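Peer 1: For the first sequence, the working numbering gives the first residue as 1, with consecutive numbering after it.
Quick reminder that beta carbons are idealized off the backbone N, C-alpha and C, glycines included.
Nothing here was measured: the structure is a model prediction, and the numbers come from that model.
Just dropping this structure here.
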Amino acid sequence: METIIEKLTKIVGDAFVKAGFDESLGRVTLSNRPDLCEFQCNGAMMGAKTYHKSPIDIANSVAEVLKENKIFASVEAVPPGFINIIINQDFVVDSINEIIEHSENLIKKVEGKPKVVIDYGGPNVAKPLHVGHLRSAIIGEAVKRLAKVLGYDTIGDIHLGDWGLQIGLIITEFAVQNPDSPYMKEDYLGPYEPLNIELSYLNEIYPLASKKSKEDEEYRARAKRATFDLQNGRPGYIAFWKEVMRVSVSDLKKNYENLGVNFELWYGESDSQKYIPDMIEKFVKDGFAHEDQGALVIDVAKEDDKAPMPPVIVKKTDGSDIYATTDLATILQRVKDYDPEMILYFVDNRQGLHFEQVFRAARKTGIVSDDTLLEFDGFGTMNGKDGKPYKTRDGGVMRLSDLIDTVVSGALEKMKESKTGSDLSKDEQDEIAKMIGIAALKFGDLINHRAKDYIFDLDKFLSFEGKTGPYILYTMVRLKAILRKAKENGYVSGKINKIYSDVEKDIMLKILNTSDVFWQSFNDRAPSIVAENAYSIASLANKFYYETKILAEENEEKRNSLLHFCELMLKVLQIHMDILSIKVPEVM
RNA sequence: GUGCCUGUAGCUCAGCAGGAUAGAGCAACGGCCUUCUAAGCCGUUGGCCGGACGUUCGAAUCGUCUCAGGCACGCCA
């Protein structure tokens with residue numbers, strides 16, 4: 001199966017060959033001047049130097065060859081050497097119908113279902129999700145779904161922060177507050193009575209412990225010691241940690257589910273623990289790791305490094321593991337379990353150096369072969385209007401659940417204003433408001449390019465107009481309404497038999513270009529490209545909706561063709577929304 | 001200090017495997033609801049693409065320098 005761009009590139013490439021030039025010059029792109037043509041090829045200008053001919057001469061000779069092919073309605077060489085192409089409408093309609101009949105041909109798939117592990121989310125247990133967690137979760141989820149659509153076997157791993165100093169801090173504070181708890185007794189080996197801790201309690205003691213450790217040297221040493229003991233299997237701590245995990249994970253699951261984010265694996269740093277001792281031993285035995293200032297490190301600097309590259313610490317001076325250790329062991333585990341073609345990390349940009357170090361260490365020590373791509377896909381920070389990392393008015397970080405509540409109640413208000421869904425039950429209205437609010441939130445985030453910082457503007461998320469999630473939902477809801485009424489009237493959608501308007505043609509060309517857009521989006525690991533494409537299709541669909549009478553169309557053949565076209569647009573938009581993991585209501 | 005990222009319309013951002021007249025959304029102004037949902041559609045206003053030099057037939061896009069902002073730089077994750 002070939003996309004339309006590929007088909008045209010091949011035809012134009014052949015024409016270049018026939019005219020006596022290199023095939024590679026025949027690259028065709030969508031036109032950047034839709035007023036002049038649909039597709040363009042700039043190869044003549046690129047070839048001018050190698051062939052010592054003027055670009056327009058080359059373009060002319062290629063255009064002459066192309067004119068013989070009847071799939072083109074017009075081929076024109078224009079100065080300085082553009083080849084402007086308009087294709088035959090029948091060819092567009094045929095291509096569209098082929099996609100309808102063989103929907104698997106809409107998107108070009110990768111061969112062989114290669115495995116991709118996607119590491120995203122990365123929340124710490126015992127800490128509530130805040131707005132900063134939004135990006136990793138929904139960008140990672142979108143790239144994962146995109147990869148799946150493109151034919152990859154995808155595995156999403158949340159990679160919980162559940163094994164570091166933060167747990168030691170919680171243990172320490174708990175011990176301070178509950179000195180007599182059997183969980184905290186060193187010589188007590190169990191059994192343990194269930195500990196009914198509340199999430200709110202955990203959310204309370206963590207910041208407290210964190211604060212204390214910064215102010216109190218001794219407290220910090222105690223927390224480090226607790227971390228070490230946990231990592232070395234002290235029974236009471238392990239039992240306590242399991243309780244913390246149970247409470248924390250069930251809350252995280254609920255939160256992520258709300259956002260439409262689903263992980264295949266709920267592994268954490270702790271799950272790599274079983275690989276760590278052997279891994280470290282091997283590092284030492286093979287001479288990769290050595291002691292430095294009391295810590296065990298691996299040198300990863302290279303001669304051609306522009307910047308100083310510090311070594312990776314795999315054992316701290318106190319003997320406990322650090323995130324580099326668990327990250328390395330996690331790579332080991334993933335290679336062992338899945339042997340993936342690539343492992344992608346959707347993590348805050350600020351961790352770039354850390355991952356560069358870890359990747360180098362993984363390669364150097366042979367944990368991962370050159371066949372597996374390790375890639376750090378950093379995302380930008382969510383800033384407030386002042387350009388600084390987003391904070392609430394009182395200086396704290398806004399909780400994700402609060403943000404969701406705000407956006408959803410905004411959507412509900414908007415629904416009341418526009419009197420939509422007033423005939424529905426309260427529950428149904430709430431359900432729709434939730435979809436709209438979350439769509440606004442997710443789309444508003446996803447439309448921003450992954451790697452860039454962006455300004456978090458609550459008002460923008462609440463506007464629901466223009467380039468927003470609700471705009472796209474609204475477009476789809478209107479299309480659904482037409483199709484629903486058509487069904488009520490007993491109309492059936494027929495074959496798309498011709499193009500009735502310019503908008504239709506523009507939309508069809510866009511639909512035929514979907515595969516290329518998706519691939520570009522995946523190759524850049526940038527869901528914003530999918531979001532942008534969804535918007536531009538929706539925008540055209542709204543124009544079409546405004547200009548075209550469908551249900552009132554008296555010519556049955558035309559009406560049925562238009563109906564089928566509505567189904568197609570809806571379907572293509574739905575694919576986009578599925579990738580972005582945004583739910584679409586029936587009415588709004 | 002060194003390295004990385006970012007400077008495009010009043011605001012928020014696309015465009016950056018070089019291409020023809022730099023695009024959206026918001027805001028402002030003006031039109032369009034007896035006809036499939038006006039969360040919509042159409043139009044107007046708005047730009048020395050941070051600056052300089054260079055490569056090129058051609059630069060927002062590539063290179064060098066420079067200014068401004070952000071981030072990172074061994075025992076937190």
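Quick check on Tyr-454: does DSSP put it in helix, strand or coil?
Peer 2: Residue state, collapsed to three classes: strand.
Peer 1: Lys-315: which of Pro-308, Leu-328, Arg-484 sits nearest, CA to CA?
Peer 2: The option with the nearest alpha carbon to Lys-315 is Leu-328.
Peer 1: Throw me the rounded Cβ distance for the Lys-467 and Tyr-535 pair, which I believe falls under 8 angstroms.
Peer 2: Between Tyr-535 and Lys-467 the Cβ distance is about 5 angstroms, and since that is below 8 angstroms, they are a contact.
Peer 1: Only counting the same chain, and skipping five residues up and downstream in sequence, which positions put a Cβ closer than 7 angstroms to that of Glu-604?
Peer 2: Residue 604 lies beyond the residue range present for the chain, which begins at 1 and ends at 588; the question has no answer from this structure.
Peer 1: May I ask you to report which of helix, strand or coil DSSP gives Leu-462?
Peer 2: Note: Leu-462 maps to coil in three-state DSSP.
Peer 1: Please give the ranges of any alpha helix (DSSP H) in the region 474-526, keeping only runs that are unbroken, at least 4 residues long and fully inside the region.
Peer 2: DSSP runs (the alpha helix (DSSP H)) wholly in the region 474-526: 502-512, 514-523.
Peer 1: With distances taken from CA atoms, which of Pro-235, Arg-225, Thr-154 is nearest Tyr-188?
Peer 2: For the residues Pro-235, Arg-225, Thr-154, the minimum Cα distance to Tyr-188 belongs to Pro-235.
Peer 1: For Gln-293, which of helix, strand or coil comes out of DSSP?
Peer 2: Coil.
Peer 1: Three-state secondary structure (DSSP) at Ile-447?
Peer 2: If DSSP states are grouped into helix, strand and coil, Ile-447 belongs with coil.
Peer 1: For Val-314, does the three-state DSSP call read helix, strand or coil?
Peer 2: Looking at Val-314 - three-state DSSP - the assignment turns out to be strand.
Peer 1: Can you list, in chain order, the residues of its chain with a C-beta nearer than 8 angstroms to that of Glu-111? Leave out the 5 residues immediately preceding and following it.
Peer 2: Gly-151, listed in sequence order.
Peer 1: Verify whether the separation of the beta carbon atoms of Phe-240 and Ser-320 is less than 8 angstroms.
Peer 2: Not a contact, by the Cβ cut-off of 8 angstroms.
Peer 1: Is Ala-142 helix, strand or coil when you go by DSSP?
Peer 2: Ala-142 falls in the helix class under three-state DSSP.
Peer 1: Can you name, in chain order, every residue of its own chain whose Cβ lies under 7 angstroms from the Cβ of Thr-154, other than the five neighbours on each side?
Peer 2: Contacts found: Val-116, Ile-118, Lys-144, Ala-147, Lys-148.
Peer 1: Is it true that the region 484-501 meets the region 85-97, where meeting means three or more beta-carbon pairs spaced less than 8 angstroms apart?
Peer 2: Enough Cβ pairs lie closer than 8 angstroms, so yes.
Peer 1: Could you compute how far the alpha carbon of Val-347 sits from the alpha carbon of Leu-265?
Peer 2: Answer to the nearest angstrom: the Cα atoms are 17 angstroms apart.
Peer 1: State the DSSP-derived secondary structure class of Glu-375, mapped to helix, strand or coil.
Peer 2: Here Glu-375 sits in strand by DSSP.
Peer 1: From Ile-432 to Lys-224, what distance separates their C-alpha atoms?
Peer 2: Straight-line Cα distance between these residues: approximately 48 angstroms.
Peer 1: Would you tell me roughly how many angstroms separate the C-alpha atoms of Ser-422 and Gln-429, rounded to the nearest one?
Peer 2: One C-alpha to the other measures close to 8 angstroms.
Peer 1: Which complete beta strand (DSSP E) runs does the region 88-166 hold, if anything under 3 residues is left out?
Peer 2: The qualifying runs are 115-119, 153-157.
Peer 1: Compute the distance between the beta-carbons of Val-284 and Ala-361, then report whether it is under 8 angstroms.
Peer 2: No.
Peer 1: With DSSP as the reference, label Tyr-219 as helix, strand or coil.
Peer 2: DSSP places Tyr-219 in helix when its eight states are reduced to three.
Peer 1: So, are the CB atoms of Asn-349 and Gly-378 less than 8 angstroms apart?
Peer 2: In contact: Asn-349 and Gly-378 (Cβ atoms closer than 8 angstroms).
Peer 1: I need the straight-line Cα distance from Gly-122 to Ile-158, nearest angstrom please.
Peer 2: Each residue's alpha carbon lies about 5 angstroms from the other.
Peer 1: Are there 16 or more other CB atoms within 10 angstroms of the CB of His-52, so buried, or fewer, so exposed?
Peer 2: With fewer than 16 other Cβ atoms within 10 Å, it is exposed.
Peer 1: Below 8 angstroms on the Cβ atoms is my guess for Ile-86 versus Glu-38; work out the distance and round it to an integer in Å.
Peer 2: About 5 angstroms separates the two Cβ atoms, so the contact holds.
Peer 1: Do Phe-16 and Leu-25 have their CB atoms nearer than 8 angstroms?
Peer 2: Yes; because the gap between Cβ atoms is below 8 angstroms, this pair is in contact.
Peer 1: Evaluate the contact criterion for the region 262-282 versus the region 158-168: three or more CB pairs, one atom per stretch, below 8 angstroms.
Peer 2: They touch, by the three-pair rule.
Peer 1: Who does Ser-74 pair with in a DSSP beta bridge?
Peer 2: Paired residue(s): Ile-86.
Peer 1: In its own chain, which residues sit with a C-beta less than 8 angstroms from the C-beta of Val-100, not counting the 5 before and 5 after it?
Peer 2: It should be noted that the sequence gives Ile, not Val, for residue 100. Once the five neighbours on either side are set aside, the close Cβ partners of Ile-100 are Ile-496, His-564, Leu-568.
Peer 1: Assign His-576 to buried or exposed, taking buried as 16 or more other Cβ atoms, counted over all protein chains shown, within 10 Å of its Cβ.
Peer 2: So His-576 counts as buried.
Peer 1: Mapping DSSP to helix, strand and coil, what is Thr-326?
Peer 2: If DSSP states are grouped into helix, strand and coil, Thr-326 belongs with the helices.
Peer 1: How about the region 285-304 and the region 188-205: do they share at least three Cβ pairs that are nearer than 8 angstroms?
Peer 2: The region 285-304, when compared against the region 188-205, does not touch it at the 8 angstroms Cβ threshold.
Peer 1: Apart from the five residues just before and just after Met-508, which ones in its own chain have a Cβ nearer than 6 angstroms to its Cβ?
Peer 2: Cβ within range, chain order: Val-92, Ile-96.
Peer 1: Would you call Gln-520 buried or exposed, if buried means 16 or more other Cβ atoms sit within 10 Å of its Cβ?
Peer 2: Exposed.
Peer 1: Under 8 angstroms between the Cβ atoms of Val-587 and Val-477?
Peer 2: A contact, by the Cβ cut-off of 8 angstroms.
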